[in-house]
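What follows is a short report on a single structure.
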Amino acid sequence: MVQEEIRKGPWTEHEDVQLVFYVNLFGDRRWDFIAKVSGLKRTGKSCRLRWVNYLHPGLKRGKMTPHEERLVVELHSKWGNRWSKIARKLPGRTDNEIKNYWRTYMRKEAQEKKRPMPPSPSYSNCSSSISSASPSLAADSKPIMETGERNFYDNVGLDIYAVNKNKSTETHDCDGAAEGYSMDEIWNDIDCSPEENIKPLFGGFSEEILASPIWDYCPDSLWMMDQEDSNMIFPRSDPFHSLFVQGSTHFTG
DNA sequence: AAAAGGTTCAACCGCATCCAA
DNA sequence: CTTGGATGCGGTTGAACCTTT
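Sequential numbering from 1 applies to the first sequence in this note's numbering.
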C-alpha cells in the first residue's frame, strides 16, 4: 500500500476552514472518516485535536479568569492530572489549555518557593491563595487577539456553532455545563451572530471543497444520508439544516 | 537595535479505553 | 471471548512570541 503523505505541524487557515466544514457535515465523532473525506492530509487524530483545542466554537479565548484559575487549582487538588475531567467543569476551556495553564502555574509556584519571600506587606499572604500566585494578575495586559480583529476562528467558528447549538448541547457533558456560568455568555454571543455570517465560509471555499476527494470517496452514497442522517446532524429546526439540504442538492447537481 | 533568556501554546506521541465485528 | 480500529487522555516538545539586558 502506498502510504499517503501525512501533513504535520501548524494548521493553515484553509485547512481549518475545510475541517470546520466537514465537521459540520459529519459531526465531531468520525475523525478518520473526516480526515479521509476532507482531503486534508492529516490524521483523524490530528483533526480531532485541532477541532477540540482550537476550532470548536464553544471555546473561550484569552486568559483564564480568576474564578477559573481558582477552580482549576481546586479541582486539581481533588482529581490530580485528570485534565479532561477538570476541563469539563470549565466550559469553553480545553484539557490542553488547562494543562498548559497548570504547568505555568506550577512553575511560578516553584519559582516563588525558591526565591525567599520578600517581607513586603503588599504581597498578600498565603501560598495556597490562588490569586497570589495567579499568572493572570501579572499578565492581563495582553489582549485576547493582538490585533483586536475578529479572525476566522472567532467569526466562523462561533457562527457555525450557533447553527449547531442544538446538536452540540445534546452531546455536551451536562455536569459541566450545569455549572451555569460563562457558557451563557458564549450562547449569548452566539445568539447575537447574524445568520448571514455563515455564508462567506462556504462561498469562499466551495471550489476547494468540490475538488475534495469526498466525491471520489463516496460518489453516490454520501448524499443518500441527507434525509435521515442530516436530520440527526442538523435537526430540522436547525437553520443549518436548510443550508445542508441546499448544499447537498447543489453539490450533487 | 539586537541578542539572550523566558514563557506560552499548538501540536505530536504513545498508551489506555471503548466498541463493534 | 478476542481482535482491531477509532477515539480519548496525559505527557512532552518545539516554534513563536515576549521581556529583559
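Just so it is clear, CB atoms sit at the ideal spot from N, CA and C, and this is done for glycine as well.
Residue i, buried or exposed, once every other Cβ within 10 Å from all chains shown has been counted against 16
i    : result
T94  : buried
S38  : buried
A178 : Bear in mind that the predicted position of A178 carries a pLDDT of just 35, short of 50, making it unreliable; the figure below should be weighed with that in mind. Its Cβ having fewer than 16 others within 10 Å, A178 is exposed.
K36  : buried
Beta-carbon proximity of residue i to residue j, cut-off 7 Å
i   : j   : result
D16 : L55 : yes
K60 : R7  : no
C47 : L19 : yes
V72 : W51 : no
N53 : N96 : yes
Reference residue i; option with closest CA among the options
i   : options                : result
E74 : I86, T65, M64 and N100 : I86
E68 : F33, K89, Y22 and W51  : K89
G58 : G44, G92 and F33       : G92
H76 : G62, M64 and I98       : I98
G9  : N96, W83, T43 and N81  : T43
W83 : P66, F33, I34 and W102 : W102
R30 : G62, H14, L49 and R70  : L49
P66 : E13, Y105 and W11      : Y105
K63 : N100, K45, F33 and I34 : N100
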